[in-house]
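Visitor:
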DNA sequence: TCAAGCAAGATAAACGTTTACATATTGGAT
DNA sequence: ATCCAATATGTAAACGTTTATCTTGCTTGA
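Residue numbers (my numbering), protein chains in the order written: chain S, 1 to 354; chain X, 355 to 708.
#1: Using the DSSP secondary-structure output, state which residues sit across from residue 287(S) in a beta bridge.
#2: Could you give the uninterrupted runs of the alpha helix (DSSP H) lying entirely in the region 197-268 of chain S, keeping only those of 4 residues or more?
#3: What are the partner residues of residue 103(S), as DSSP defines its beta bridges?
#4: Please list the terminal residues of the continuous alpha helix (DSSP H) segment that includes residue 665(X).
#5: Identify whether residue 502(X) lies in helix, strand or coil by the three-state DSSP scheme.
#6: My understanding is that residue 76(S) touches residue 131(S), with C-beta atoms under 8 Å, so please give their C-beta distance in whole angstroms.
#7: Scan the region 585-599 of chain X for residues whose Cβ lies nearer than 8 Å to a Cβ of chain S and list them as they occur along the chain.
#8: Quick check: the Cα distance between residue 314(S) and residue 54(S), rounded to an integer number of angstroms?
#9: Restricting to Cα atoms, I'd like to know which of 26(S), 217(S), 69(S) and 66(S) is closest to residue 49(S).
#10: Hey, is the region 379-395 of chain X in contact with the region 419-437 of chain X, meaning 3+ C-beta pairs nearer than 8 Å?
#11: Once DSSP output is grouped into helix, strand and coil, what is the label at residue 650(X)?
#12: With respect to the alpha helix (DSSP H) encompassing residue 444(X), which residues constitute its N-terminal and C-terminal limits?
#13: To the nearest angstrom, how far is the alpha carbon of residue 148(S) from that of residue 245(S)?
#14: Does residue 110(S) come within less than 8 Å of chain X when only Cβ atoms are used?
#15: From residue 337(S) to residue 179(S), what does the alpha carbon distance come to, in whole angstroms?
#16: Among residues of its own chain, excluding the 5 on either side of residue 194(S), which ones have a beta-carbon nearer than 7 Å to its beta-carbon?
#17: Below 8 Å, how does it come out for the region 263-277 of chain S and the region 211-218 of chain S: are there three or more Cβ pairs, yes or no?
#18: Going by beta carbon distance, what residues of the same chain come within less than 6 Å of residue 563(X), once the five residues before and after it are set aside?
#19: Taking the beta carbon of residue 329(S) as the centre, do at least 16 other beta carbons fall within 10 Å, making it buried, or is it exposed?
#20: Give me, in chain order, the residues of the same chain whose beta-carbon lies closer than 8 Å to that of residue 34(S); leave out the 5 immediate sequence neighbours on both sides.
#21: Does the beta carbon of residue 361(X) come closer than 8 Å to any beta carbon on chain S?
#22: Rounded to whole angstroms, what is the Cα-Cα separation between residue 694(X) and residue 204(S)?
#23: Contact defined as beta carbons within less than 8 Å: I believe residue 541(X) pairs with residue 640(X). What is the distance between those atoms, to the nearest angstrom?
#24: How would you call residue 459(X), buried or exposed, if buried means at least 16 neighbouring beta carbons within 10 angstroms?
#25: Quick one: Cα of residue 467(X) to Cα of residue 575(X), how far?
#26: Below 8 Å between beta carbons: does that hold for residue 648(X) and residue 614(X)?
#27: Residue 507(X) by DSSP, collapsed to three states: which one?
#28: If you reduce the DSSP assignment to three classes, tell me which class residue 173(S) lands in.
#29: Which residue from 472(X), 438(X), 474(X) and 453(X) puts its Cα closest to that of residue 107(S)?
#30: Secondary structure at residue 357(S), three-state DSSP: helix, strand or coil?
#31: For residue 1(S), I'd like the list of residues in its chain whose CB is within less than 8 Å of its CB, leaving aside the five on either flank, ordered along the chain.
#32: Pick helix, strand or coil for residue 341(S), following the three-state DSSP scheme.
Take a look at the structure:
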């Protein structure tokens, strides 16, 4: 019962109750050993603090010493396993280094991203991990200006042509080009030549690289005839995946479908089911990303696996190295790219044996 | 280049550059209209602030006025769609009310939960939303003690028998009993009498209520003969779902399986697939929770749908009502329970027509 | 002419910590 | 007796804001 509002007990209250000075209380409560304190007094202080349910105000404390103990993790969506998985290993290293990870989602919205970054600096975050939107470079300008440590994950950001900045950001991610390439190659190996591609035309690096890689992986195969039908959208979501797949299949009927993002695949696969098309008999499927549903379903899908934990822990370690301010070999390199891996399921039909 | 460490420009720097006092700068920058300021000076201040890339320190600011603008969202896991979905609508109402939502995950770990709650109060969070672990009641004691507004979602927490506290927490969640009941009833309607149950024996309310409901839903049916085999675990995870299902099926061979949690179902379904058991021909399945994979797979699974968005937005609105400190009809009630809904797929075989 | 009122701005106290510095009390050693 | 070192504690300044209070120079009405 009773009011909230300035109700927290302060160090002063503790001092009064323990009949001593605030300095002493501070020394006792922060375990600072620079000063000798009699056991008797120490106990009195601890008892008083306990009795009042005293909790140190991190805000007053970090105003004084220049350390917030906060790291912000800004990710584009919770429904994107790539980022939530990376988050988990990130949290582990951040916590292990005695920082508190705070997660916010930008919803793939540049404006929201801008506000969240601004918030992070207003909160005086010690560092920031960013899974960027398409405006990632612009929105991080303030971090570069104020020299706040940050690491970009998953999607690369880079200076606009007109910008004169060249202060490249730390980046940890997967080899998106290779991801596409592996998929294209797999279709090629299995003799597919009429292929549908569902891709995201977000202006982030990963999207474009995936397409490039895919085309390169399948190019040879198509030289002797074949077709590539593409359907794409600005929006990355399950629903949009459904719609794109429908559009594409109403136009043409390929033997194989490549989904550049598993969220698209999720919607697309639903459309296939509703149409009574079975995988891989009627149509083959590969997707980038390895969501649970794709592994535990029948058919089990071919997926391109990206090492989210590696990405997370590496990004975390780089940020920590920056914060510790030591010379770390980790900091010598700016771009960390992890190779992908084709995980075979049974969603690709072998056409070469017909 | 250059050092981090006290590098942020302060209001004092701005004042110096604009050749005025800190008071004026503060008034201008916070848009406080209590004071008249000449246009000329106002512009000088704004220019100076811009030039220095000044950002107000939320930590200094909220030390002074007693308002943090922070709401912590503590959820047990990112892989649990129930909570991530609730999070999204929570964020919306929190942001709409001009607070900044910070998300942390407790990993279903009571100790971690305790620390995170402590952190939240150390950060002087204005309010807390908690998807509790089994120690939820104990860990929130400090919030009650210090009178910090909080709302519990998804799983109910309640005083230990030995505790003398009776200050019931605000709770928003689904009717877990009904969730179980609907599932039991559905099996009963379809004539199943040899049934396997995979349940979580976490000591949170939802777990126990689900089982109770399920038994009640199926009870009648079993009166004329039948069997119920239960397999349960302390740990809630996909892997454990796999293991429990294996244990159960090695012991007995029911016609239907009830998964109390979709994470268990995910692992269980994989085991079924590996054993070559097909759903619903060989075995019927219902699960609580409606993950994407269960909807987009074939077969489409019977699921018990819980209204995560309703839970999220309601919990958010209750917390905001507390923070606004007004009399809100919302605050009159302590427990908000949303009914569940059986979403039919084709994972339950009708045995009555044989 | 002058007090009163007002516009436009400055000064300084306060928020809850941390910590440099000052003080007071001991017990030896000289 | 005197001085010093060691121990144990207190005082107060500082961190970056906000805001109550004070100052100054003008206007203006009687």
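Each residue gets a CB set at the ideal place from its N, CA and C atoms; glycine is no exception.
Guide: So, from the listed chains and residues:
#1: According to DSSP, residue 287(S) bridges with 259(S) and 303(S).
#2: The region 197-268 of chain S contains these whole alpha helix (DSSP H) runs: 205-223 and 238-251.
#3: In DSSP, residue 103(S) forms a bridge with 73(S) and 457(X).
#4: Counting along the chain, the alpha helix (DSSP H) containing residue 665(X) begins and ends at 662-678.
#5: In the structure shown, residue 502(X) sits in coil (DSSP, three-state: anything other than H, G, I, E or B).
#6: With 8 Å as the limit, residue 76(S) and residue 131(S) qualify as a contact, their Cβ atoms being about 5 Å apart.
#7: Only those residues of the region 585-599 of chain X whose C-beta falls short of 8 Å from the nearest C-beta of chain S are listed: 592.
#8: Residue 314(S) and residue 54(S) have their C-alpha atoms roughly 37 Å apart.
#9: For the residues 26(S), 217(S), 69(S) and 66(S), the minimum Cα distance to residue 49(S) belongs to 26(S).
#10: The region 379-395 of chain X and the region 419-437 of chain X do not touch, with fewer than 3 CB-CB distances between them shorter than 8 Å.
#11: In this structure, DSSP gives residue 650(X) a state outside helix and strand, which the three-state scheme calls coil.
#12: For residue 444(X), the enclosing alpha helix (DSSP H) stretches over residues 435-450.
#13: Going by the C-alpha atoms only, they are around 42 Å apart.
#14: Not closer than 8 Å to any Cβ of chain X, the Cβ of residue 110(S) fails to qualify, so no.
#15: Cα-Cα distance, rounded: 12 Å.
#16: Shown here for residue 194(S): same chain residues with a beta carbon closer than 7 Å to its own, the five before and five after excluded, namely 226, 227, 254 and 255 in chain order.
#17: Look at the beta carbons and you see the region 263-277 of chain S not touching the region 211-218 of chain S: under three pairs across the two are nearer than 8 Å.
#18: Only 530 and 531 meet the Cβ criterion.
#19: So residue 329(S) ends up on the exposed side.
#20: So the qualifying residues of the chain are 27.
#21: Yes, residue 361(X) lies at the interface with chain S (some Cβ there is under 8 Å from its Cβ).
#22: Residue 694(X) and residue 204(S) have their C-alpha atoms roughly 40 Å apart.
#23: Confirmed, Cβ separation roughly 7 Å.
#24: By the 10 Å Cβ count, residue 459(X) comes out buried.
#25: Answer to the nearest angstrom: the Cα atoms are 41 Å apart.
#26: Result no, Cβ atoms of residue 648(X) and residue 614(X) do not sit closer than 8 Å.
#27: Strand, per DSSP.
#28: The three-state reading of DSSP puts residue 173(S) in strand, counting E and B together.
#29: Among 472(X), 438(X), 474(X) and 453(X), the Cα nearest to that of residue 107(S) is on 438(X).
#30: This structure does not reach residue 357(S), given that chain S is present from 1 up to 354, and the question cannot be answered.
#31: Low per-residue confidence applies at residue 1(S): pLDDT is 34, beneath 50, and the placement is therefore not dependable enough to give any value.
#32: Of the three classes helix, strand and coil, the one that applies to residue 341(S) here is strand, per DSSP.
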